[in-house]
Amino acid sequence: MKGVLGYTEDDVVSTDFNGEVCTSVFDAKAGIALNDNFVKLVSWYDNETGYSNKVLDLIAHISK
Numbered sequence: 001m002k003g004v005l006g007y008t009e010d011d012v013v014s015t016d017f018n019g020e021v022c023t024s025v026f027d028a029k030a031g032i033a034l035n036d037n038f039v040k041l042v043s044w045y046d047n048e049t050g051y052s053n054k055v056l057d058l059i060a061h062i063s064k
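Going by our numbering, 28 is the number at position 28 of the sequence shown; the sequence numbering is gapless.
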């Protein structure tokens with residue numbers, strides 16, 4: 001899922017993702033096991049840049 005889903009093991013904050021072109025970046029360190037059957041996962045994104053980049057990808061795909 002190159003260019004769609006990113007992955008990081010770095011210590012990050014929301015501003016680290018300003019200008020991120022991936023739709024979402026999975027944060028491996030931020031997950032929380034709430035119990036034996038339920039895990040909360042965290043994924044970061046830049047709504048404007050990520051969405052705009054995917055619109056451009058769609059336009060390029062349609063124009064082929």
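All C-beta atoms, glycine included, are put in the ideal place defined by N, C-alpha and C.
Source: prediction; values computed, not measured.
Residue span of the beta strand (DSSP E) that contains residue i, given as start and end
i   : result
L34 : I32 to N35
G3  : G3 -> no beta strand (DSSP E), and no H or E assigned at all.
F38 : F38 to K40
Three-state secondary structure assigned by DSSP to residue i
i   : result
T23 : coil
Continuous alpha helix (DSSP H) stretch holding residue i: start and end
i   : result
G50 : N47 to I62
Cβ of residue i within 8 Å of any chain D Cβ
i   : result
N53 : The structure shown has no chain D; it contains just one protein chain.
Expected contact under 8 Å - CB spacing of residue i and residue j to nearest Å
i   : j   : result
K29 : E9  : 6 Å
S43 : S24 : 4 Å
V12 : D27 : 6 Å
*Do the region 23-41 and the region 55-64 make contact, defined as three or more Cβ pairs closer than 8 Å?*
Contact between the region 23-41 and the region 55-64 is absent: fewer than three C-beta pairs spanning the two stretches fall below 8 Å.
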